[in-house]
Amino acid sequence: MSGLYIIHVDMDAFYAAVEQRDDPKLMGKPVIIGGADPTKRGVVSTASYEARKCGVHSAMPLKEAYRRCPRGFYLPVNMKKYKSVSKEIFQLFGEYTPLVETIALDEAFLDVTGSVRLFGPAEKIGQLIKERIKRELDLTASIGISYNKYLAKLASDLNKPDGFLMVNKGNLERIVHPLPVTRLWGVGAKMALKLNAAGHNTIGNIAKADPVDLRRQFGVLGEHISLLSRGIDQRQVIPDHEAKSVGRETTFPRDVSSREILLSVLMQLVEDVCYRLRAEDLRGYCVTVKIRYEDFETHTKQATLDRMTNLEHEVFETARSLFNELHSRRAVRLLGISVSRLSSENEEQLDLFGENRQKHDVLARTSDMLRKKYGRPLITRARGVDKDND
1 MSGLYIIHVD
11 MDAFYAAVEQ
21 RDDPKLMGKP
31 VIIGGADPTK
41 RGVVSTASYE
51 ARKCGVHSAM
61 PLKEAYRRCP
71 RGFYLPVNMK
81 KYKSVSKEIF
91 QLFGEYTPLV
101 ETIALDEAFL
111 DVTGSVRLFG
121 PAEKIGQLIK
131 ERIKRELDLT
141 ASIGISYNKY
151 LAKLASDLNK
161 PDGFLMVNKG
171 NLERIVHPLP
181 VTRLWGVGAK
191 MALKLNAAGH
201 NTIGNIAKAD
211 PVDLRRQFGV
221 LGEHISLLSR
231 GIDQRQVIPD
241 HEAKSVGRET
251 TFPRDVSSRE
261 ILLSVLMQLV
271 EDVCYRLRAE
281 DLRGYCVTVK
291 IRYEDFETHT
301 KQATLDRMTN
311 LEHEVFETAR
321 SLFNELHSRR
331 AVRLLGISVS
341 RLSSENEEQL
351 DLFGENRQKH
361 DVLARTSDML
371 RKKYGRPLIT
381 RARGVDKDND
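Under full-length UniProt numbering, the letters of the sequence shown match residues 1 to 390, in that order.
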């Protein structure tokens, strides 16, 4: 393998694995993270591999998860704990390269091109990272290595959990080309049906097809998948910089059509973003919502507020309005929210008539205090509460 050396690290069922590690009685048991009471409204954040065998997956309503896995162990999201463990993992990454691009708490790309002279081949670096995660944190990670981001991520996905795979130009046809077209970024179930109808069942079929024909038949996506099928992805690993915004997004393992579930997830994302803003003594003027559909078509829309905020009800009110403008009732694969144009709280002008707002601020601070103490949100918005439960 020549040129770039990119490693994709993806922790296995991260939230659930951390809980299993910290509580021996959960080892080998179906663990579902998302809420302690599965009879109430909520969605699955992470499911252990034991729970996945029952058909449970992230973004599934908790009630459906309980129907499929009534003997599972249901736990609330303990974000404080997961962030602490994630920080240890990323500190380990930093020992091998400064070029680390964070995808999520449990996932990252590492460009180790400049590290091979010091640590040895990329494959050795990947093995060192994998072994240290297991030895020092007692967790497993799936590692993919290749010469671009798409192939590195694909490699880490192919052997989960606890996998390790290198894809290079020499084994690209043997490993990648026999895979179904759904393994191409941007190809969901509906697009796969269209590709299959056109005679393209595997990535190899796409690679052999005329790129001009693919572009004519499927537009920009046709050109996109033609490049990927031939192992071409020009995106670079972009290391993390000081944030100019605070945001969160989630990619669903299966496309979600339910508007109620999407709004419930949006509320959870808003709560996390506002918690982080208050933790860093920041407020923002601009709210942005991002939606990516099953065909990889991505749309963002933003709105500027009348005044800075870090309060959930104010951010969600704007976010919901933006969501309603963006959502076209197609299945969604990714949903995100961010707050930008940030400033420290003490720069905000005093609100002479903001008594009601001050009450919301007190409530938010109290909620933050409980969250810090118990490691999870104990107070949530009405959208996160079961409608059938007073």
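Ideal Cβ positions, reconstructed from N, Cα and C, are used throughout, including at glycine.
Item: Alpha-carbon spacing of R117 relative to R254, whole angstroms; Value: 41 Å
Item: Sequence-distant residues of its chain with Cβ nearer than 7 Å to T182 (five each side left out); Value: A192
Item: Unbroken beta strand (DSSP E) run spanning T113, endpoints; Value: Neither: T113 is in no beta strand (DSSP E) and is coded neither H nor E.
Item: A197 classed as buried or exposed, judged by whether at least 16 other C-beta atoms fall within 10 angstroms; Value: exposed
Item: Beta strand (DSSP E) runs wholly inside the region 213-259, at least 3 long, in chain order; Value: 245-256
Item: First and last residue of the uninterrupted alpha helix (DSSP H) at H200; Value: From DSSP, H200 is part of no alpha helix (DSSP H); its letter is neither H nor E.
Item: Collapsed DSSP secondary structure at P121 in the structure displayed; Value: coil
Item: Candidates M308, E294, G336: closest to T300 by CA position; Value: G336
Item: A17 versus L172: straight-line alpha-carbon distance, rounded; Value: 31 Å
Item: Bridge partner(s) assigned by DSSP for H8; Value: F109, G144
Item: Residue environment, R41, which counts as buried when at least 16 other CB atoms sit within 10 Å; Value: buried
Item: Residue burial classification, T288 (beta-carbon count within 10 angstroms, cutoff 16); Value: buried
Item: Limits of the unbroken alpha helix (DSSP H) element including Y96; Value: Counting along the chain, Y96 falls outside any alpha helix (DSSP H), and DSSP gives it neither H nor E.
Item: Coil, strand or helix - M308 by DSSP; Value: strand
Item: I89 vs I143 beta-carbon contact at 8 Å; Value: no
Item: I125 to S84 span [Cα, whole Å]; Value: 24 Å
Item: Sequence-distant residues of the same chain with beta carbon closer than 6 Å to E223, five excluded per side; Value: R215
Item: 8 Å Cβ shell around D12 - same chain, five flanking residues per side excluded; Value: Y49, L139, T140, A141, S142, K160, P161, D162
Item: Proximity below 8 Å, CB of Y15 to CB of Y74; Value: no
Item: Bounding residues of the beta strand (DSSP E) (the contiguous stretch that carries F164); Value: 164-166
Item: Extent of the continuous beta strand (DSSP E) to which F342 belongs; Value: The sequence given here has Leu at residue 342, not Phe. Counting along the chain, the beta strand (DSSP E) containing L342 begins and ends at 332-344.
Item: Touch test, the region 318-326 against the region 202-222, Cβ-Cβ under 8 Å, three pairs minimum; Value: no
Item: A189, buried or exposed, once every other Cβ within 10 Å from all chains shown has been counted against 16; Value: exposed
Item: F252 vs A59 beta-carbon contact at 8 Å; Value: yes
Item: Distance, M308 Cα to A122 Cα; Value: 46 Å
Item: Nearest to T318 (by Cα), restricted to the options N310, L305, R329; Value: L305
Item: Presumed contact (8 Å Cβ cut-off) between H8 and K153, rounded CB distance; Value: 5 Å
Item: Rounded C-alpha distance that separates L195 from Y96; Value: 41 Å
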